[in-house]
Amino acid sequence: MPFINAIGTAVPPHRHHQSDILRFMLAAENYSEDESRRLSLMYHRSGISFRHSVLPDYSCATSDFEFYPQTADLEPFPTVSQRMAFFENNALSLAHAAITDLSSTFDLPTITHLITVSCTGLMAPGLDIQLIEALDLSSTIVRNSVNFMGCYAAIHALKLADAFCRNVPTAKVLVVCTELCTLHFQKGKSLDTQTSNLLFADGAAACLVTNDAQGKSIEGFYSELALAGKNDMTWKISDYGFLMTLSNEVPKLLEQSIRGMIENALQHQRILRQDIQHWTIHPGGKSILEAVQRAMSLEKTANEVSFDILRNYGNMSSVTILFVLKQLFSSRQEGKTFTVAFGPGITMESMILA
2 MPFINAIGTA VPPHRHHQSD ILRFMLAAEN YSEDESRRLS LMYHRSGISF
52 RHSVLPDYSC ATSDFEFYPQ TADLEPFPTV SQRMAFFENN ALSLAHAAIT
102 DLSSTFDLPT ITHLITVSCT GLMAPGLDIQ LIEALDLSST IVRNSVNFMG
152 CYAAIHALKL ADAFCRNVPT AKVLVVCTEL CTLHFQKGKS LDTQTSNLLF
202 ADGAAACLVT NDAQGKSIEG FYSELALAGK NDMTWKISDY GFLMTLSNEV
252 PKLLEQSIRG MIENALQHQR ILRQDIQHWT IHPGGKSILE AVQRAMSLEK
302 TANEVSFDIL RNYGNMSSVT ILFVLKQLFS SRQEGKTFTV AFGPGITMES
352 MILA
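Using our numbering, the letters of the sequence shown correspond one by one to residues 2 to 355.
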């Protein structure tokens, strides 16, 4: 049976207070007094205190910007090619830091499979090849890339790692998630744009999956689509970055769908709800966590790790759920853990660990 042996995490050096990011966003647009008040209230209610970014720009003077133009209106606004060039030059060091946080538990040369995950940067040769060179991994390593799936992609990658391990008893699979969400800030006053700008952050996480009986065993996976919301959560490429649509209907849609999905997942694994000791919910946003909590009739304390990660790091897309799991496991919690994350579709992807 495959096990998640260990998890490593990393964030870039620039830690921005949510109030500083708000000032950046207000300066980027010509907001009226009422619009400024509404946006300020959204940031105040976000449940987020800090976010990390590869960019210092969000809390420094315009004259010190490294990425955006040093102009009041941020024009000419960075293009996709400029954003991807920045991703290519900065993702490796962040991914490497997450692996360094993990690698004391194993020898890198023993890795047989590498799975890289990102929805915020695409290039070829990709981050997988960069890591092989940087870590001096075997040129014959089995590699796979999970791209553009969004916040649930880490669970999908672990599903692939689980399959590799069940097929190859000696497999040692390194999963590396790297997201530079803050490269994709967009100008505009639409609610979708404002919501995306106030939620997302940068980070990386790595985990080792093997058949060695240490860490948390992978009991199984289950996924469902809530297609009624397929247009309420989207991730598309524009001329000026990747555009996230995250409508205010998403929490309501999840609240309507998640209970049935979790019941189906438990039935699929032949597990009773009372057998689950811990719930790890992807902190896609405060309203999403609260919606799942209501739908599942969970005690407030059941979600406290997810709320804590949201508060201190924001939503780092695919990376975030691994931060939640690492913090939960660091307290040496015993018992079965139900993990679920969400993404475009609307996709609800789950995993049970023990």
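Ideal Cβ positions, reconstructed from N, Cα and C, are used throughout, including at glycine. Since the model is a prediction, treat every value here as computed from it, not as a measurement.
- Limits of the unbroken alpha helix (DSSP H) element including residue 310: First-last of the alpha helix (DSSP H) with residue 310: 305-314.
- Message: At a threshold of 7 Å, does residue 87 count as lining the ligand NAP (C-beta to nearest heavy atom)?
- Response: Because no ligand of any kind appears in the structure shown, any question about the ligand NAP cannot be addressed here.
- Query: By DSSP, does residue 273 sit in helix, in strand, or in coil?
  - Reply: Here DSSP, grouped into helix, strand and coil, assigns residue 273 to coil.
- Message: The beta strand (DSSP E) that contains residue 301, what's its start and end?
- Response: Boundaries for residue 301: no beta strand (DSSP E) harbours it, and the DSSP string shows neither H nor E there.
- Item | Assigned exposure category for residue 13 - 16 Cβ within 10 Å defines buried | Classification for residue 13: buried.
- Contact set for residue 195: own chain, Cβ-Cβ below 7 Å, skip 5 residues either direction: In chain order, 40 and 43 place their CB closer than 7 Å to the CB of residue 195, counting only its own chain and leaving out the 5 sequence neighbours on each side.
- Item | residue 217 beta carbon less than 8 Å from that of residue 132 | Not closer than 8 Å, so no.
- Is it the case that the Cβ atoms of residue 11 and residue 98 are separated by a distance below 8 Å? The answer is yes: Cβ separation under 8 Å.
- Message: Taking the straight line between their C-alpha atoms, what separation do you get for residue 352 and residue 52?
- Response: Straight-line measurement puts the Cα of residue 52 at about 27 Å from the Cα of residue 352.
- Query: Considering only the beta carbon of each residue, do residue 183 and residue 119 sit closer than 8 Å?
  - Reply: Annotated as distal: residue 183 and residue 119, with beta-carbon spacing of 8 Å or more.
- Query: Among the residues of its own chain, which have a CB less than 6 Å from the CB of residue 89, if the five just before and after it don't count?
  - Reply: Closer than 6 Å at the Cβ level, and outside the excluded window around residue 89, lie 124.
- Message: As a quick exercise: from 58, 333, 48 and 5, pick the residue whose alpha carbon is nearest that of residue 25.
- Response: For residue 25, the closest C-alpha among the options 58, 333, 48 and 5 is that of 58.
- Task: Please classify residue 329: does DSSP put it in a helix, a strand, or coil?
- Result: Note: residue 329 maps to helix in three-state DSSP.
- Message: Quick test of your reading: residue 203 and residue 55, contact by CB under 8 Å. State the CB separation rounded to the nearest angstrom.
- Response: Yes, residue 203 and residue 55 are in contact; Cβ-Cβ is about 5 Å, under 8 Å.
- Flag this pair as yes or no: are the beta carbons of residue 323 and residue 208 separated by less than 8 Å? Result yes, Cβ atoms of residue 323 and residue 208 sit closer than 8 Å.
- My understanding is that residue 121 touches residue 185, with C-beta atoms under 8 Å, so please give their C-beta distance in whole angstroms. So it is a contact: roughly 6 Å between Cβ atoms.
- Query: Buried or exposed: which applies to residue 2, given that a residue is buried once 16 or more other Cβ atoms fall within 10 Å of its Cβ?
  - Reply: Residue 2 counts as exposed, since fewer than 16 other C-beta atoms from the protein chains shown sit within 10 angstroms of its C-beta.
- Item | Residue span of the alpha helix (DSSP H) that contains residue 160, given as start and end | For residue 160, the uninterrupted alpha helix (DSSP H) segment begins and ends at 154-168.
- Query: Any idea if residue 126 is buried or exposed, counting beta-carbon neighbours within 10 angstroms, 16 or more meaning buried?
  - Reply: Burial check for residue 126: the Cβ neighbour count within 10 Å stays below 16, so the residue is exposed.
- Message: For residue 276 and residue 36, what's the separation of their Cα atoms in angstroms?
- Response: Here the C-alpha atom of residue 276 lies approximately 48 Å from the C-alpha atom of residue 36.
- Could you check which residue in 129, 29, 153 and 160 has the C-alpha nearest to that of residue 146? Selected option, being the one with the closest Cα: 129.
- Message: Is it the case that the stretch 225-243 contacts the stretch 254-266, given that we only count it when at least three CB pairs across the two stretches are under 8 Å?
- Response: Two segments are said to touch when three or more pairs of C-beta atoms, one from each, lie closer than 8 Å; by this definition the stretch 254-266 touches the stretch 225-243.
- Can you give me the start and stop residues for the beta strand (DSSP E) that residue 243 sits inside? Per DSSP, residue 243 belongs to the beta strand (DSSP E) from 242-247.
- Look at the Cβ atom of residue 116, then the Cβ atom of residue 164, and state whether they are nearer than 8 Å. No; because the gap between Cβ atoms is not below 8 Å, this pair is not in contact.
- Query: Roughly how many angstroms separate the alpha carbons of residue 293 and residue 259, rounded to a whole number?
  - Reply: When only Cα atoms are considered, residue 293 and residue 259 end up about 7 Å apart.
- For residue 231, the nearest candidate out of 101, 173, 33 and 348 (CA to CA): Measuring from the Cα of residue 231, the nearest candidate turns out to be 348.
- What do you get for residue 214, buried or exposed, if any count of 16 or more other CB atoms within 10 angstroms of its CB means buried? Exposed, by the Cβ-count rule.
- Query: What residues in its chain sit with their C-beta under 7 Å from that of residue 30, if we drop five residues either side in the sequence?
  - Reply: Once the five neighbours on either side are set aside, the close Cβ partners of residue 30 are 188 and 190.
- Item | Assigned exposure category for residue 367 - 16 Cβ within 10 Å defines buried | Outside the displayed range of the chain (2 to 355) lies residue 367, so it cannot be described from this structure.
- Can you name, in chain order, every residue of its own chain whose Cβ lies under 6 Å from the Cβ of residue 143, other than the five neighbours on each side? The residues are 114.
- Is the CB-CB distance between residue 284 and residue 316 below 8 Å? Cβ distance < 8 Å, so residue 284 and residue 316 count as in contact.
- Query: What are the boundary residues of the beta strand (DSSP E) that includes residue 222?
  - Reply: First-last of the beta strand (DSSP E) with residue 222: 217-226.
- Message: Can you check which of these residues, 340, 32, 210 and 263, is closest to residue 280 by C-alpha distance?
- Response: Here the closest residue by C-alpha is 340.
- How big is the Cα-Cα spacing for residue 9 and residue 33? The straight-line gap separating the alpha-carbon atoms of residue 9 and residue 33 is approximately 44 Å.
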